[in-house]
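Working notes, structure below.
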Ligand code: AMP
C-alpha cells in the first residue's frame, strides 16, 4: 500500500436514475487523485462504486477494495484494483474499511450506504475514532436525511455537535479539502 492518505467512500451499488450521480462520482475520483488520496471502497465493479473506482484507476490513482467472500460474485468484484481484500463477512468488511482509512465520505446510495454512514458516525459518537466524516450531497440527495437528524437534535436524541461535526458539501473539491484538514470533534455521549 502507498503511504498516501486513504479516504473511504460509501456509495450505491446502483448508478441512480440521474446521470449527475455518475458525473459526481467521477468528479470525486478526480479530486481524490489530485489530493493524492487513495480510495478505499466496497470492491465491487457495479453502480456508483464501479464508476468511482474505474475513474480513480483511469487517472492513475490507487483504489483498494474490501469485499466479503459471499458477496464477491453477487456484487461482481472488481478485478483491476490496486488491491482487493476478500473478507469473511459484512462486519469484517466494514471494520477493515475503517482501519484502512483516514476519513470517510458517503455519497448517494441505498440502504448499504446509509448503514455504513450511520455505523461510522456512531463509532465517532462513541469515541472509537476521530476521523473526519463527510457527506457528498449531490443534487441535495441527503437534504431530507439532514432535516431528519435536525429533528432528532431538536427532540433531544442527538447532540447538536454530531450534525455540526459532519462535513456536508456539494462541491467535491471543497469536500476533499475539508476532509484532509479535518477531524471529527468527538463529544462524549456520557456527558449528555
Ligand atoms: P447500496 O447503497 O445498498 O447500494 O449498497 C452499497 C454497498 O453497501 C454495497 O457494497 C453493499 O454490499 C453494501 N452493504 C449493503 N448492506 C450492508 C450492510 N448491512 N453492511 C455493510 N455493507 C452493506
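In this note's numbering, the protein residues as written are -12 to 179.
Every residue gets a Cβ at the ideal spot worked out from N, C-alpha and C, and that includes glycine.
Taking each of 18, 91 and 21 in turn and checking the Cα distance to residue 27, the smallest one comes out for 91.
In chain order, 55 place their CB closer than 7 Å to the CB of residue 77, counting only its own chain and leaving out the 5 sequence neighbours on each side. Between residue 49 and residue -9, the gap from beta carbon to beta carbon is short of 8 Å. CA-to-CA, the gap between residue 39 and residue 142 works out to about 37 Å. Around the beta carbon of residue 4, a 10 Å sphere encloses fewer than 16 other beta carbons of the protein chains shown; the residue is thus reported as exposed. For residue 91, the enclosing beta strand (DSSP E) covers residues 90 to 93. Contact holds between the segment 13 to 22 and the segment 141 to 160, because three or more Cβ pairs, one in each stretch, are under 8 Å apart. DSSP places residue 105 in the helix class (H, G or I) of the three-state scheme. At a cut-off of 7 Å, the beta-carbon of residue 98 counts as near the ligand AMP: some heavy atom of the ligand is closer than that.
At a threshold of 7 Å, residue 94 does not count as near the ligand AMP, since its beta carbon sits no closer than that to any of the ligand's heavy atoms. Distances from the alpha-carbon of residue 2 to those of 74, 100 and 21 put 100 closest.
Ranked by Cα distance from residue 148, the options 52, 21 and 111 are led by 111.
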